[in-house]
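Trainee: Numbering-wise, the sequence shown is residues 0 to 173 according to numbering that gives the first Met the number 0.
For each residue, glycine too, the CB sits at the ideal point set by N, CA and C.
Since we're looking at a predicted model, the values are computed, not measured.
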Amino acid sequence: MVCGLRTPQRFKVAKLWSLRVFNFFGLTSTCRFNVILVLKLKTIYLKFVYYLGKILRYTQFAAFSAFTLVSWGFFIKYKDNRSLQQLEMKDARIAIEPFIFAEKDRAILKHYRRNRDEENELMKNVEGWKTGTLWGEPVYHNVRSRYIKPCMVELIAHMSYWDKNDFVYDKLDR
Numbered sequence: 000m001v002c003g004l005r006t007p008q009r010f011k012v013a014k015l016w017s018l019r020v021f022n023f024f025g026l027t028s029t030c031r032f033n034v035i036l037v038l039k040l041k042t043i044y045l046k047f048v049y050y051l052g053k054i055l056r057y058t059q060f061a062a063f064s065a066f067t068l069v070s071w072g073f074f075i076k077y078k079d080n081r082s083l084q085q086l087e088m089k090d091a092r093i094a095i096e097p098f099i100f101a102e103k104d105r106a107i108l109k110h111y112r113r114n115r116d117e118e119n120e121l122m123k124n125v126e127g128w129k130t131g132t133l134w135g136e137p138v139y140h141n142v143r144s145r146y147i148k149p150c151m152v153e154l155i156a157h158m159s160y161w162d163k164n165d166f167v168y169d170k171l172d173r
C-alpha cells in the first residue's frame, strides 16, 4: 500500500490527476501510459521545485550577505565622515569662543552705560547725588582698578520683563 491507498485506488487518483493535468495542457487521453507519464512529470516537477527551493535559499542568503556587506561599508564611510565633521565643528566652536565672550562682554558694558545714563537722567534733580555712589561713598571702590562684575539685579534693573527673561535664561531668538 502506498500512501494508505490500495493499488486500484492509487491508479484512480493518478488517473484523475492525469485528467486534470492533461486537460490543462489540452490532452484528453487517459491510458495507462499517460498515468505513468503524469507520475514521471509529477516526480520531475517535485524535483524541480525541491532544487529551485534550494537555489532560492542559497540565492537569498547570498543576496542578504551582499546587502549586509555593502550596508556596513556605507555605514563605516558615513561614520568616518560624521566624526570628521564633528571634529571640524568642535574646532570651529573653540576658535570662535573668545569672540563670542568678547561680544557678550561688550553688550553688557553697553547696557551698563545705558543704565548709568538713565540713572543720571532720573536723579538730575536730586541735590548731592553722584552717579556710582551711595550717599557719597563709591559703591565700586577699587584700589587696583580692576573690573568688578555687578550683580544680576543691577544689570537687569531697567529692563522690560521680556528682556529680563531673555537675559536670565539666555534666550537669543526673540
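Which one of L108, K129, K109 has the shortest CA to CA distance from E118?
Mentor: Of the candidates L108, K129, K109, the one whose C-alpha sits nearest the C-alpha of E118 is K129.
Trainee: Taking only beta-carbon positions, decide if Q59 is within less than 7 Å of chain B.
Mentor: Of the protein chains in this structure there is only one, and it is not chain B.
Trainee: Taking contact to mean 3 or more Cβ pairs, one atom from each stretch, closer than 8 Å, check whether the region 151 to 167 and the region 103 to 119 are in contact.
Mentor: Touching, per the Cβ criterion.
Trainee: Can you grab the Cα-Cα spacing for the pair I147 / I75, in whole Å?
Mentor: So the two alpha carbons sit approximately 52 Å from each other.
Trainee: Mind listing, in chain order, the continuous alpha helix (DSSP H) runs of no fewer than 4 residues lying wholly within the region 47 to 99?
Mentor: Fully enclosed alpha helix (DSSP H) runs of 4 or longer: not present.
Trainee: Going by beta carbon distance, what residues of the same chain come within less than 7 Å of F23, once the five residues before and after it are set aside?
Mentor: At F23, the pLDDT of 49 sits below 50, so the modelled position is not reliable; the number obtained from the coordinates is stated separately. Closer than 7 Å at Cβ, skipping near neighbours: no residue.
Trainee: State the Cα-Cα distance for the pair M88 and I99, rounded to the nearest angstrom.
Mentor: In a straight line, the C-alpha of M88 is about 15 Å away from that of I99.
Trainee: Our contact map puts V138 next to T132 with C-beta atoms below 8 Å; I'd like the distance itself, whole angstroms only.
Mentor: With 8 Å as the limit, V138 and T132 qualify as a contact, their Cβ atoms being about 6 Å apart.
Trainee: Cα-Cα, which of K103, N80, S144 is closest to F166?
Mentor: Nearest C-alpha to F166: K103.
Trainee: Have a look at N141 and C150 and give me their C-alpha separation to the nearest angstrom.
Mentor: If I take the Cα positions, the gap works out to 16 Å.
Trainee: Looking only at its chain, what residues have a beta carbon closer than 6 Å to the beta carbon of S82, apart from the 5 residues adjacent to it on each side?
Mentor: Cβ neighbours of S82 beyond the five flanking positions: none.
Trainee: Which residue marks the beginning of the alpha helix (DSSP H) containing E153, and which one marks its end?
Mentor: 151 to 154 is the span of the alpha helix (DSSP H), which, as asked, contains E153.
Trainee: Pull up the DSSP beta-bridge partners for E136, would you.
Mentor: Note: E136 sits in a beta bridge opposite L133.
Trainee: Would you report the Cα separation of L40 and K46, rounded to the nearest angstrom?
Mentor: L40 and K46: Cα-Cα distance of roughly 10 Å.
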